[in-house]
Every structure is written in C-alpha cells, then in structure tokens.
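Here this note's numbering runs 20 ahead of the position in the sequence shown, where the first position is 1.
Written below as structure tokens is the structure these notes are about.
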Amino acid sequence: MSTLPRTPLPASIDAAADLLLKAGYVADRALATVVFLALRMGRPLLLEGEAGVGKTEVAKTLAAALGRRLIRLQCYEGLDLSAAVYDWNYAGQMIAIRLAEAAGERDRDAIATDVFSERYLLRRPLLDALEPQAEGPPVLLVDELDRTDEAFEAFLLEVLSDFQVTIPELGTVKAAAPPIVVLTSNRTREIHDALKRRCLYHWVDYPDAARELAILRTRLPGMPARLSAQVVGFVEALRREDLFKVPGVAETLDWASALVELDAVALDPGTVGDTLGVLLKYQDDIARTSAPVIERLVAEARTRAEAL
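Structure, rendered in structure tokens:
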C-alpha cells in the first residue's frame, strides 16, 4: 500500500471513515468511531477478532492515509526485549575493544562509555517508534499480542503508559510525541486487564454482506459485478457451515482475485471446487465441503447475490 502525503488527523467520525476509505479500507460506523477517538485522545487501540477480519489492515491503512511511517512488531512465543526493544552490536563492540587495546588504550571506563554508546545500539521496533520522525509520530503496530507471554505484556505497560523505555547503559528514552499505537489479538488467550485499561477496545467481527461487497468492489474494482455479489453470497453461506476455520475477509479477497485470474464471470460448482484451497486452509474443512455441499452453496450464493 502506497503512502499518501501527510494528512492531518480527522476532525469527526465521518472524516475518520472517509480517511480510511480513501486508503482502501471500508470501515463500519463503530470501527470508525473508535479509530477517531484513539487518534484524538492519543490512546492505544486494541483490536480483537478472528484471523483475517482486517485488524492488521487498520494500522497499515492509517499509516498510508496519514502519511506516517509504519513500524510493525510481529509477536511470537518467546519474544523478548532484545528482539522487541533494543540490542547491542556485540560484534562491533568487540572490534572496538580490540582496536582500543591495540592502540594502547587502558582506560576501561572510556572504552565502556564508547562501546555502550548509541553508535552500537540496535533499535528494535518499540524503541524505533519512540524516535522523532520527519513525517510525524509513526504508527506502531503490535501484531498478534496474544502470541506473547504475560512477562512481555508487563513490560509493554511502561511503553503504553509513558511512551518510554529504559536502557540501563544509556538511561530513559521518552517519545517527544507519542506514536499512534494499534495492537491486535486473535484471542488465543486473554490479554491482561491492566493492559486493556490503557487502550481503547474494539471487537472486529466478520462484515455483513453489504460491507463485504463494498470491500470487494473497493479492492477489486475491475471484477464483474455479478461475480462480486456471488462471491460474497457464497462466503456468507459458507461461514454458516460447521467448519474448523471459516474464511475471513482476507480469504474472500484472495479467492476473488483467483477467480478474476481464471476469467470467471459467475460462480459454478466446478470452479468453486477447483479453487476451494484458496478459501479454506484446513483439509478437514475442504473434505467436509463436498460436491453436493458446493452445489447447494452456489445455488444459495446466486439467490443472495440478487438481493445485494
């Protein structure tokens, strides 16, 4: 997604919705409201919901729409401070120490001061987000926070409360202007209440048919209108099936793109069966969606499409 020229913060909920839409994100009124409030109040925004419903895309779209830098911290089990905040260039420090010794330098305090200076500091996403940016405070995306452990959450409290981190060798680094913070969670575990209290919260649900069709037409404007409506109708019907993982908006867009590549103009059971792996990601779900089920869902999709 390309970055637009720097844009001032929206002055109303409608302006927030328009801001997102211009960058390609179709938000409902509730999401536009919480985005507007987070921007105006300077509060972190915690987005929870199933995978693929557009949580991460909110941060990406805000960065593009506001003309800000996007800094992403992708969370995972075992994430620690050296990967999230800062680390030292140990190889560079060792070379500097050896060069100092070779030059006859014996002042250990001077050597220590030199090697533990900003020249050898490796800035990771959280520290990077606190640094001044020419285009203004960046958008900090802490993605899939639920994958980390409670110890990392506890550290994150300092960042979200005071927008500062402490480096023992250098001191405290505090943001001159707080970044725009978006945290996402797929809710594989509960986020601690202490962290939630520091954020504005919103549950991102699957969109209704009308909004998903608007998303599809925004992202794939050249797609045949009848096919767009049938795709949305099919996905909406498929989400009502007994599946391990129902498709999200991301899968809808991928599947629609695949159908366009195949020059499809309308859904038919054969094409659906051949491309089901784009939409469903578990073999058990694909096996459960048998030929008779596909025929039934395609028929439902055609009926639903007429009402869209």
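All C-beta atoms in this analysis are idealised placements derived from N, C-alpha and C, irrespective of residue type, glycine included.
Predicted model, so just to flag it, every value in this text is computed and none were measured.
Open item on the list: Within 8 Å, do at least three Cβ pairs link the stretch 228-247 to the stretch 87-94?
Closed with: The stretch 87-94, when compared against the stretch 228-247, does not touch it at the 8 Å Cβ threshold.
Task: First through last residue of the beta strand (DSSP E) which encompasses Ser-205 - done: 200-205
Task: Proximal residues to Ala-214 (C-beta, below 7 Å), its chain only, five neighbours per side dropped - done: Leu-177
Task: For Leu-66, the three-state DSSP class (helix, strand or coil) - done: Strand at Leu-66.
Task: Close-in-space but distant-in-sequence residues of the same chain around Val-193 (CB under 7 Å, 5 per side omitted) - done: Leu-147, Leu-150, Gln-184, Val-185, Ile-187
Open item on the list: Relative to the C-alpha of Ala-200, which candidate in Thr-323, Ala-321, Ala-43, Lys-80 has its C-alpha closest?
Closed with: According to the sequence shown, residue 200 is Ile rather than Ala. When only C-alpha atoms are compared, the closest one is Lys-80.
- [ ] Tell whether a beta-carbon distance below 7 Å holds between Val-266 and Gly-74.
- [x] no
Task: Option in Leu-99, Ala-103, Asp-127, Phe-136 with minimal Cα separation from Gly-112 - done: When only C-alpha atoms are compared, the closest one is Phe-136.
Open item on the list: Going residue by residue through the stretch 66-129, where are the continuous alpha helix (DSSP H) segments of at least 4 residues, counting only ones entirely within it?
Closed with: 75-86, 101-104, 110-122
Task: the stretch 247-257 contacting the stretch 278-297, beta-carbon criterion three pairs below 8 Å - done: Yes, they touch.
- [ ] Note down the Cα distance separating Asp-163 from Ser-205, rounded to an integer number of angstroms.
- [x] 7 Å
Task: Nearest residue (CA-CA) to Gly-297, options Asp-274, Ala-52, Glu-70 - done: Asp-274
TODO: Give me whichever residues DSSP pairs with Ile-187 in a beta bridge.
DONE: Gly-191
Open item on the list: Alpha carbons only, please: which of Asn-109, Glu-256, Phe-264, Phe-172 is nearest the one belonging to Ile-306?
Closed with: Phe-264
TODO: Return the CA-CA distance between Leu-66 and Val-202, expressed in angstroms with no decimal places.
DONE: 6 Å
Task: Cβ neighbours of Glu-77 in the same chain (closer than 7 Å, five flanking residues each side left out) - done: Within the same chain, Glu-77 has close Cβ partners Tyr-45.
- [ ] Could you tell me whether the Cβ atoms of Ala-47 and Ala-37 are closer together than 7 Å?
- [x] yes
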